[in-house]
RNA sequence: GGAGAGGUGGCAGAGUCCGGUUGAAUGCACCUGACUUGAAAUCAGGCGAAGGGUCAAACCUUCCGGGGGUUCGAAUCCCUCCCUCUCCGCCA
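Here it is, written out as C-alpha cells:
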C-alpha cells in the first residue's frame, strides 16, 4: 500500500548531493539557538517535567546564560553592522578615487572590539551548547512518573508461557547440547561478552534476521537499507549518544592528530536516523519508514557482572531496526504502529511476551515515550527486554536539523523521529532456544522460520 | 597508494586569475497574478536557511564544503581538514 512511497523515499534519501558533509562547530552553534528557543517558552514547566525523569534543570543558570547571550549577540551584531557599513563606504570612496586614509583611521579600533565581542560570544555559546546537549527529552504526559524499571506499567500480555514437564535448561545449555555456541572460543578470539555460533544455531540466527527484514518490508512498508557500521561524531551527536554516553560505545583511533575517530554503531538507529540530518523533506515524502539489519556494538560500561552468562548482553549483537520519520502530529500514532510491527514478529514466532510502558525514570535519554517488549524466558522464569520502541518527538530532529516543509506555512519545521527494535536478533534466538526446547535436548523451529532454514523443523545435535 | 580536477541557492551553472554596494548573473523547477471555456504557451511579479528584532512589519547579523588566517572589507587571497570526480596502481 505504501510501496510507491517507500520507493520514493529511497530515491529521495539516496539522491546525490543531498548528503550534508559533517559539520562541526558552526552547525552546533545553530543547534543551541533552537534549544534555547525551546527552553525559553516555559522553562518552569519544562523543569518540572524533566524532574519526572530525575533530571534537575538548573533554570537559573540557564536563564542567566541566555540573557547574557542575548546582550552579547546584540552587541556583536551591532559592531558587525558598523564594520560592514564603514567598509562599504570605503569601497565607494575608493571607487570614486577619494582619499581613504581618514576612513581607515575611523575603523582602526573596531576590529579589536569586534574580535573581543565575538570571542566572548563564542565562548558563551559553547557553554550554552554544552548545557543544552546534556538535557534529556521531556517525558510525554502519558508517561507514568517513576524512578526505575520497577515503576514501569504493564500494558498487555500475549501468549501463555509453556508448562514444561522436564527440567528447563537455559539457552546456553540448550545451545551447547546441540553444539551451537562456543563462548570459550569467542573469549580466545576476542574476550568476554562475545560468542561464536555454529551450524544450525548460526543458521537460525541468520534466518531470524532475514525473516524480520522480509516481514517489515513486505508487510509494513519499510524500505530496507544498508548502512555504515562506523559513523562520525556528528551522527552520534545527532541521535543523542554524544556527548553524554560516549563511554557506552566503541571508538576508532583518530585518523590524524586533529581528525576525529569514528564510532561503532550501538544501534542502526544512529545511521538510519542520521540520514535525515540537515535535510528538508517535502511534506508528501513523509512518513519515511526504514529498516536495516546491522550488528550493534556496545561497551556495556556500567553493567559489569550483569548477565555475564550467555547471549543476553554481548559487546556485539545483531538487530533489525525500525526507524520512522514523520510529521509531528503523526508521531504518537506512529509509535503505536511501530510497536505493533515489532510485536507481530514475536507473535509469528509464537513467543509469549508482555508490553511495558516505561516510566519517566527508566526511559532513554532522547525518548519522550517508550514501550518495551519483554519476551518470556522460562529458564529465568521472567520476561526480558527484546525490543524498545520510542517516540523521540523532535529531540533528535533538533540536534540533526532534520526538517520538512510544512505546506500550511511553507516553512521548514522539525520532523519527529521514532525507532524500535524489530527485534534484537540474539535475544530472539535465546527466546526460541529456551521456549522451544524439548526433553531430548532438541529445539523445534518456529513454523514461519522453517522456509528460511531449508525446511528444517528441529535443531538437534 | 600516485597524478590531476573540483566542491556556489531545489537543480543546472556564472562569478574566483585582477578582494569592495554579490545572498550571489542566467536557465530550469516552483508559487501568485494576467490572458484562456480549461490547459499549454506567453507576459508581470515572487521564490534559500538560521538567529536577532517587531503586535506584525521594516530592519540587522550570519551562511558560497568544515575550520583557521590575511584585510577596513573575502564566494574571491593564504593555510589546513573533509568530501566528490577522472586517470594509473592495488584489491573483495
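Residue numbers (the working numbering): 6 to 466.
Each residue gets a CB set at the ideal place from its N, CA and C atoms; glycine is no exception.
Checklist entry - How would you call residue 350, buried or exposed, if buried means at least 16 neighbouring beta carbons within 10 angstroms? => result Residue 350 sits at position 345 when you count from the first residue of the first chain. By the neighbour-count rule (16 or more Cβ atoms within 10 Å), residue 350 is buried.
Item to check | Extent of the continuous alpha helix (DSSP H) to which residue 257 belongs | outcome: As a working mapping, residue 257 is identified with position 252 in the first chain. Per DSSP, residue 257 lies in no alpha helix (DSSP H) and is assigned neither H nor E.
Item to check | Under 8 Å between C-beta atoms of residue 142 and residue 400 | outcome: Residue numbering aside, residue 142 sits at position 137 when the first chain is read from its first letter. Residue numbering aside, residue 400 sits at position 395 when the first chain is read from its first letter. Going by C-beta atoms, residue 142 is nearer than 8 Å to residue 400.
Checklist entry - With residue 209 and residue 186 assumed to form a contact (beta carbons below 8 Å), what rounded beta-carbon distance in angstroms separates them? => result Stepping through the first chain from its first residue, residue 209 is reached at position 204. Stepping through the first chain from its first residue, residue 186 is reached at position 181. Incorrect: roughly 11 Å between the Cβ atoms, too far for contact.
Checklist entry - Taking C-beta to C-beta, are residue 305 and residue 430 nearer than 8 Å? => result Position 300 of the first chain, counted from the start, is the residue given in the question as residue 305. Position 425 of the first chain, counted from the start, is the residue given in the question as residue 430. No, they are not a contact pair.
Item to check | Which listed residue (277, 273, 316 and 254) has its alpha carbon closest to that of residue 477 | outcome: Nothing in the structure corresponds to residue 477, since the chain is present only between 6 and 466.
Checklist entry - When DSSP builds the beta bridges, which residues end up paired with residue 424? => result Taking the first chain and counting its residues from 1, one reaches residue 424 at position 419. 328 and 395, per the DSSP bridge assignment.
Checklist entry - So who's on the other strand from residue 233, going by DSSP bridges? => result In the first chain, counting from the first residue as 1, residue 233 sits at position 228. Per the DSSP secondary-structure output, residue 233 pairs with nothing in a beta bridge.
Checklist entry - Does DSSP classify residue 267 as helix, strand or coil? => result Within the first chain, the letter at position 262 stands for residue 267. Residue 267: coil per DSSP, three-state reduction.
Checklist entry - From which residue to which residue does the alpha helix (DSSP H) around residue 298 run? => result In the first chain, the residue the question calls residue 298 occupies position 293. Run containing residue 298: none in the alpha helix (DSSP H); it sits in the beta strand (DSSP E), 293-302.
Item to check | Residue(s) in a DSSP beta bridge with residue 120 | outcome: Locating residue 120 in the first chain gives position 115, where the first residue counts as 1. Per DSSP, residue 120 has no beta bridge partner at all.
Checklist entry - Nearest CA to the CA of residue 314: which residue from 197, 76 and 453? => result Your numbering for residue 314 matches position 309 in the first chain. That would be 197, whose Cα lies nearest to the Cα of residue 314.
Checklist entry - residue 293: which of 277, 283, 303 and 344 sits nearest, CA to CA? => result Locating residue 293 in the first chain gives position 288, where the first residue counts as 1. Nearest neighbour of residue 293 by Cα position, chosen from 277, 283, 303 and 344, turns out to be 277.
Item to check | Whole alpha helix (DSSP H) elements within the region 335-418, 4-residue minimum | outcome: List check, alpha helix (DSSP H) in window: 336-353 and 400-405.
Checklist entry - Are the Cβ atoms of residue 419 and residue 407 separated by less than 8 Å? => result Taking the first residue of the first chain as position 1, residue 419 is located at position 414. Taking the first residue of the first chain as position 1, residue 407 is located at position 402. Taking 8 Å as the Cβ cut-off, residue 419 and residue 407 qualify as a contacting pair.
Checklist entry - Apart from the five residues on each side of it in sequence, which residues of its chain come closer than 6 Å, Cβ to Cβ, to residue 173? => result For this step, residue 173 is matched to residue 168 along the first chain. Closer than 6 Å at the Cβ level, and outside the excluded window around residue 173, lie 383 and 384.
Checklist entry - With a Cβ-Cβ cutoff of 8 Å, do residue 352 and residue 343 count as a contact? => result Translated into positions along the first chain, residue 352 becomes position 347. Translated into positions along the first chain, residue 343 becomes position 338. Not closer than 8 Å, so no.
Item to check | Contiguous alpha helix (DSSP H) assignments of at least 4 residues, all confined to the region 209-233 | outcome: Fully enclosed alpha helix (DSSP H) runs of no fewer than 4 residues are not present anywhere in the region 209-233.
Item to check | Proximal residues to residue 139 (C-beta, below 8 Å), its chain only, five neighbours per side dropped | outcome: Within the first chain, residue 139 is the residue found at index 134, counting from 1. Contacts found: 248 and 249.
Checklist entry - Straight-line CA distance for residue 66 to residue 302? => result Within the first chain, residue 66 is the residue found at index 61, counting from 1. Within the first chain, residue 302 is the residue found at index 297, counting from 1. Inter-residue distance for residue 66 and residue 302 is about 36 Å (C-alpha atoms, whole angstroms).
Next on the checklist: What does the alpha-carbon distance come out to for the pair residue 413 and residue 288?
Outcome noted: Indexing the first chain from 1 puts residue 413 at position 408. Indexing the first chain from 1 puts residue 288 at position 283. Residue 413 and residue 288: Cα-Cα distance of roughly 10 Å.
Checklist entry - Are there three or more Cβ pairs, one per stretch, closer than 8 Å when the region 331-347 is compared with the region 110-124? => result The region 331-347 makes no contact with the region 110-124; the number of CB pairs closer than 8 Å stays below 3.
Checklist entry - Mind checking whether residue 346 and residue 245 have CB atoms under 8 Å apart? => result Walking along the first chain from the start, residue 346 turns up at place 341. Walking along the first chain from the start, residue 245 turns up at place 240. Contact: no.
Item to check | residue 92: first and last residue of the uninterrupted alpha helix (DSSP H) it sits in | outcome: Working through the first chain from its first residue, we reach residue 92 at position 87. Its alpha helix (DSSP H) spans residues 64-100.
Checklist entry - With burial defined as no fewer than 16 other Cβ atoms inside 10 Å of the residue's Cβ, what is the status of residue 111: buried or exposed? => result Reading the first chain from its first residue, position 106 is the one you call residue 111. Here residue 111 is exposed, its C-beta having fewer than 16 other C-beta atoms within 10 Å.
Item to check | Under 8 Å between C-beta atoms of residue 357 and residue 165 | outcome: The count along the first chain starts at 1 and reaches residue 357 at position 352. The count along the first chain starts at 1 and reaches residue 165 at position 160. Closer than 8 Å, so yes.
Checklist entry - Taking one C-beta from the region 236-243 and one from the region 384-395 each time, how about it: are there three or more such pairs within less than 8 Å? => result Too few Cβ pairs lie closer than 8 Å, so no.
Item to check | Neighbourhood of residue 457 by C-beta, 6 Å cutoff - its chain only, sequence neighbours within 5 removed | outcome: Working through the first chain from its first residue, we reach residue 457 at position 452. By the criterion of a C-beta distance shorter than 6 Å, residue 457 is surrounded in its chain by 212, 215 and 216, once the five residues flanking it on both sides are discounted.
Checklist entry - Rounded to a whole number of angstroms, what is the C-alpha to C-alpha distance between residue 176 and residue 398? => result Taking the first residue of the first chain as 1, we reach residue 176 at position 171. Taking the first residue of the first chain as 1, we reach residue 398 at position 393. Approximately 37 Å between the Cα atoms of the pair.
Item to check | Same chain, Cβ closer than 7 Å to residue 269, five either side skipped, listed in chain order | outcome: Counting from one through the first chain, the residue named residue 269 turns up at place 264. For residue 269, where only same-chain residues beyond five positions count, the Cβ hits under 7 Å are 234, 235, 254, 255 and 302.
Item to check | Distance, residue 363 Cα to residue 77 Cα | outcome: Reading the first chain from its first residue, position 72 is the one you call residue 77. Reading the first chain from its first residue, position 358 is the one you call residue 363. Using only the alpha carbons, I get a separation of about 42 Å.
Checklist entry - Name the DSSP beta bridge partners of residue 429, please? => result The sequence position of residue 429 within the first chain is 424, counting from 1. Looking at the DSSP output, residue 429 bridges to 324.
Checklist entry - What separation, rounded to the nearest whole angstrom, lies between the Cα atoms of residue 262 and residue 132? => result By one-based count along the first chain, residue 262 stands at place 257. By one-based count along the first chain, residue 132 stands at place 127. Summary for residue 262: the model assigns pLDDT 45, below 50, so the residue's position carries little reliability; its value from the coordinates is reported in the next sentence. Going by C-alpha positions, residue 262 is about 24 Å away from residue 132.
Next on the checklist: Buried or exposed for residue 92, going by 16 or more other Cβ atoms inside 10 Å?
Outcome noted: By one-based count along the first chain, residue 92 stands at place 87. Residue 92 comes out exposed.
Checklist entry - Mapping DSSP to helix, strand and coil, what is residue 308? => result The residue given as residue 308 occupies position 303 in the first chain. Three-state result, residue 308: coil.
Checklist entry - On the three-state DSSP scale, how would you describe residue 103? => result To locate residue 103, count along the first chain from 1; it is residue 98. Collapsing the DSSP output to three states places residue 103 in coil.
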